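Report on one structure; see the data block that follows.
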Amino acid sequence: KTKILIFSTILFLTFLLIMELGVRAFWEFEPNRVLCYHPVMGRSYCPETKGQLRENKVKMYIEVNADGLLGKAYPVKRIPGKYRIALLGDSFTSGEAIDPEIKFSGIWEKNLSNKIPTGVEVINFGVGGTGTWQQLQMFHIKARKYKPDLTIVAFCWCNDIENNIDKLKSGSMNPLLDEYEVGWYKHLNTKRKNFNKWLWNNSGLYQFTRTRYNRLEHYFKRMFLPDYMKKSAPYEEKNQSHPVYKKDTVSIFDDLLFFDSEGWDVTRKLIVKLKQEVQENGGELAVIHFGGLHQYRNFPALPLEQFDAFLESEGISHFNNFDLFLKIDDEFLKKIFIPNDGHFNEIGHRHFAEFSTDFLFNLINNSKV
1 KTKILIFSTI LFLTFLLIME LGVRAFWEFE PNRVLCYHPV MGRSYCPETK
51 GQLRENKVKM YIEVNADGLL GKAYPVKRIP GKYRIALLGD SFTSGEAIDP
101 EIKFSGIWEK NLSNKIPTGV EVINFGVGGT GTWQQLQMFH IKARKYKPDL
151 TIVAFCWCND IENNIDKLKS GSMNPLLDEY EVGWYKHLNT KRKNFNKWLW
201 NNSGLYQFTR TRYNRLEHYF KRMFLPDYMK KSAPYEEKNQ SHPVYKKDTV
251 SIFDDLLFFD SEGWDVTRKL IVKLKQEVQE NGGELAVIHF GGLHQYRNFP
301 ALPLEQFDAF LESEGISHFN NFDLFLKIDD EFLKKIFIPN DGHFNEIGHR
351 HFAEFSTDFL FNLINNSKV
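For the sequence shown, our numbering assigns the number 1 to the initial residue and increments by one for each residue that follows.
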């Protein structure tokens, strides 16, 4: 029986190997998946992952270092005399479609190092799809061990408020309550989910069977749909206009517009908590805020001045990049974002960096004094 079992196992593994080689030879690999499940933050880049991604027809090559950060690795131990900046943010900050050297974080590092003889490191902790909630968690879990002199939050008006209130209402692990302890079941579930990601990135056979299964499942689901759900509704061209919000409602999507909303309340608490943790770690916190493409034209008024006043009252250095992008003319504004994507392209990253470099330079000089 043992010999039969061994022989059957070898035969089965040989069959899988032949199938894997066949798929690799005759079928094109799907784009890699670089976002892994994180038991606390929900998402983080998969350590030591590299490969091609494709988003909205934009093809890109990505490398994730051993600590789960995009771009080159930095030593945890400080280099004497070199100034260190930790950058927290969302997909605008992570800039998956842009090479590390020409993201605004890479440009900051280069330009500030040219101005400061001892050099500057800018470590990018940005992760797509996160808000201030996960960015506070990111500082606590990863960034603080690097002992940054300055921690920058790149705050995006596009969806950070929505992300924060959504995390609160969904009952996610709460950084305001220092909820970081993970049980054995969640650890086990994390390993299972991330093993599936590893299989996707490394096995053509797994990709092939998974995509075919998903298509088959979708096909059978559509077979049992009523006819009215199978037909696409006729497209009617309408004038694009944003709804007028006169007061905060129960929806999380209008919290952004009202500084006394629940979304802003939790966001303010997150920023104050982050400042506390940064200072306890021996650093300083600063905020640079900006918007998405759709928010610079014909968008409801945002509480920009109230946000700046709040940061000022908390003693947090801040820089308003939103107003500088607002001054860019319509035709050029579209040229700094990736078409059909909405994130900064190379030109957008360069402008973001140029607008804010002097602000950072002054912060560094003041801290040295």
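C-beta: ideal position from N, C-alpha, C; glycine also.
These numbers come from a predicted model, not from an experiment.
Exercise. Should the region 341-354 be regarded as contacting the region 101-113, the criterion being three or more beta carbon pairs within less than 8 angstroms?
Worked result: yes
Exercise. Closest by CA to residue 325, which one among 306, 52, 288, 315?
Worked result: 288
For this session: Mind checking which residues open and close the alpha helix (DSSP H) that includes residue 262?
Result: 262-280
Problem set entry | Three CB pairs or more closer than 8 angstroms across the region 119-133 and the region 87-100 | yes
Exercise. To the nearest whole angstrom, what separates the beta carbons of residue 64 and residue 37, a pair I think is in contact under 8 angstroms?
Worked result: So it is not a contact: roughly 14 angstroms between Cβ atoms.
For this session: Let me know if residue 11 comes out buried or exposed under the rule of 16 or more other beta-carbons within 10 Å of its beta-carbon.
Result: exposed
Problem set entry | Coil, strand or helix - residue 50 by DSSP | strand
Exercise. Nearest-angstrom Cα distance between residue 68 and residue 2?
Worked result: 43 angstroms
Problem set entry | Residue closest to residue 147, alpha-carbon to alpha-carbon, out of 285, 47, 209, 300 | 285
For this session: Could you work out which residue in 362, 344, 367, 364 is closest to residue 156 when comparing CA atoms only?
Result: 344
Problem set entry | residue 289 - partner residues in DSSP beta bridges | 155, 320
For this session: Go ahead and label residue 294 buried or exposed: buried means 16 or more other beta carbons lie within 10 angstroms of its beta carbon, across all protein chains shown.
Result: exposed
Exercise. According to DSSP, which residues form a beta bridge with residue 64?
Worked result: 70
Exercise. From 299, 340, 95, 196, pick the residue whose C-alpha is nearest to that of residue 322; which is it?
Worked result: 299
Exercise. For residue 84, is the classification buried or exposed, using 16 other Cβ atoms within 10 angstroms of its Cβ as the cut-off for buried?
Worked result: buried
Problem set entry | Residues bridged to residue 13 (per DSSP) | The partner list for residue 13 (beta bridge, DSSP) is empty, contrary to what the question assumes.
For this session: Indicate the three-state DSSP secondary structure (helix, strand or coil) for residue 231 in the structure shown.
Result: Residue placement at residue 231 is poorly supported in this model, since its pLDDT is 49, which falls under 50; the coordinates still yield a value, given next. Coil at residue 231, not helix or strand.
For this session: Return helix, strand or coil for residue 85, following the three-state DSSP convention.
Result: strand
Exercise. Residue 73 to residue 259, Cα distance in whole Å?
Worked result: 38 angstroms
For this session: Taking 8 angstroms as the threshold, find out whether the region 307-318 comes into contact with the region 173-192 through three or more Cβ pairs.
Result: no
Exercise. What residue does the beta strand (DSSP E) around residue 377 start on, and which one ends it?
Worked result: Lying outside 1 to 369, the shown extent of the chain, residue 377 is not represented and no answer is given.
Problem set entry | Pairwise C-alpha distance: residue 153 and residue 337 | 21 angstroms
For this session: Go to residue 44, then tell me how far its alpha helix (DSSP H) extends in each direction, as first and last residue.
Result: Per DSSP, residue 44 belongs to no alpha helix (DSSP H); it is in the beta strand (DSSP E), 42-45.
Problem set entry | Residues that residue 140 bridges to, as DSSP identifies them | Paired residue(s): none; residue 140 is not in a bridge.
Exercise. Do you know offhand how far residue 358's Cα is from residue 320's?
Worked result: 13 angstroms
Exercise. Just to confirm, are residue 349 and residue 71 a CB contact at a threshold of 9 angstroms?
Worked result: no
Exercise. Would a C-beta distance cut-off of 9 angstroms place residue 201 and residue 43 closer than the cut-off?
Worked result: no
Problem set entry | Own chain, CB closer than 7 angstroms to residue 346, minus 5 neighbours either side, in chain order | 98, 102
For this session: Determine the closest residue to residue 329 out of 307, 192, 297, with distance taken between C-alpha atoms.
Result: 297
For this session: With a cut-off of 8 angstroms on the beta carbons, I'd call residue 39 and residue 190 a contact; round off their distance for me.
Result: 5 angstroms
Exercise. What span of residues does the alpha helix (DSSP H) with residue 206 cover, start to end?
Worked result: 204-223
Exercise. Can the beta-carbon of residue 168 be found closer than 9 angstroms to that of residue 262?
Worked result: yes
Problem set entry | Nearest neighbour of residue 47, chosen from 266, 19, 182, 195 [CA to CA] | 195
Problem set entry | Where residue 344 sits in the DSSP three-state scheme | strand
Problem set entry | Extent of the continuous beta strand (DSSP E) to which residue 35 belongs | 35-38
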